[in-house]
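A.B. asks:
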Amino acid sequence: MEEEDIQAVVEIENLSYPNPWREMTFRGELYNQPVSFPFVMVHKFQEKIIGYVIFWCLKDRAQINNIAVHPDFRRMGVAEAVMRQVLDQIKKAGAGLVTLEVRPSNSAARSMYYKLDFEVLGIKENYYNNPPEDALVMGKFLDQ
Ligand SMILES: CC(C)(COP(=O)(O)OP(=O)(O)OC[C@H]1O[C@@H](n2cnc3c(N)ncnc32)[C@H](O)[C@@H]1OP(=O)(O)O)[C@@H](O)C(=O)NCCC(=O)NCCS
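Count along the sequence shown starting at 1, add 191, and that's the number in the working numbering.
Given below as structure tokens:
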């Protein structure tokens, strides 16, 4: 992800979440967060941004902070393929555990994480706003 990608990323973010990250949050990930790895997903033929993923990696721990695919390109295997690449990179970087938070109501994301062999590690109560909801903390241990 680069500066010129932010507008397209924010458009997808706004289509994807009831409480979307703002532009400045993405800039923070790009410029002020050395442990952050922000990537865009680019359509091979249309050459436009159709999604993004941001993960943090610090020593033996990693966290998926955001992943979204434009609604027009969902259910085509894009996020799953990208997540598999991300998990591979995280493993190569030497992290043994990758975690994330997800709304229990987000059945699409939960199904994807289960398919990728994430398991529920815990719950953060009243974690989300708009609408208020707990967060499931999901994690996957990566064999070294
Ligand atoms: C979650 C999200 C990233 C999935 O992206 P995607 O590219 O459509 O997902 P994929 O096509 O790669 O699907 C992979 C698997 O996820 C699950 N899945 C994805 N969308 C689903 C849906 N609408 N309903 C049920 N399961 C779904 C399925 O298990 C699917 O495997 P299958 O196709 O073999 O059934 C996308 O729905 C999205 O951008 N949602 C809004 C943002 C969001 O919620 N991000 C996650 C925050 S924790």
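A virtual CB, placed ideally from N, CA and C, is assigned to each residue, including glycine.
1) Given this structure, state the Cα-to-Cα distance separating F309 from S227, to the nearest angstrom.
2) Could you give the residue range of the alpha helix (DSSP H) that holds D279?
3) Could you tell me if K235 is buried or exposed, where buried requires 16 or more neighbouring beta carbons within 10 angstroms of its beta carbon?
4) By Cβ distance below 8 Å, which residues in the same chain neighbour V200 in space, the five residues on each side in sequence not counted?
5) Starting from S296, trace the beta strand (DSSP E) in both directions and tell me its first and last residue.
6) Kindly identify the DSSP beta-bridge partner or partners of E324.
7) Tell me whether K283 is buried or exposed, calling it buried when 16 or more other Cβ atoms sit within 10 Å of its Cβ.
8) Any heavy atom of ligand 1 closer than 6 Å to the Cβ of M303?
C.D. replies: Inspection of the coordinates gives the following:
1) Position 118 of the sequence shown, counted from the first residue, corresponds to residue 309. Position 36 of the sequence shown, counted from the first residue, corresponds to residue 227. Their backbone Cα atoms lie some 21 Å apart in a straight line.
2) Here residue 279 is taken as the residue at index 88 of the sequence shown, counted from 1. Residues V269 to K283.
3) For the purposes of this step, residue 235 is taken as the residue at position 44 of the sequence shown. Under this definition K235 is an exposed residue.
4) Numbered from 1 along the sequence shown, position 9 holds the residue referred to as residue 200. Cβ neighbours of V200 beyond the five flanking positions: M192, F217, V231, I240 and Y243.
5) Indexing the sequence shown from 1 puts residue 296 at position 105. Run containing S296: none; DSSP gives neither H nor E here.
6) For the purposes of this step, residue 324 is taken as residue 133 along the sequence shown, with counting starting at 1. Paired residue(s): Y319.
7) Residue mapping note: residue 283 aligns to position 92 of the sequence shown, counting from 1. So K283 ends up on the exposed side.
8) To locate residue 303, count along the sequence shown from 1; it is residue 112. Yes, Cβ of M303 sits closer than 6 Å to a heavy atom of ligand 1.
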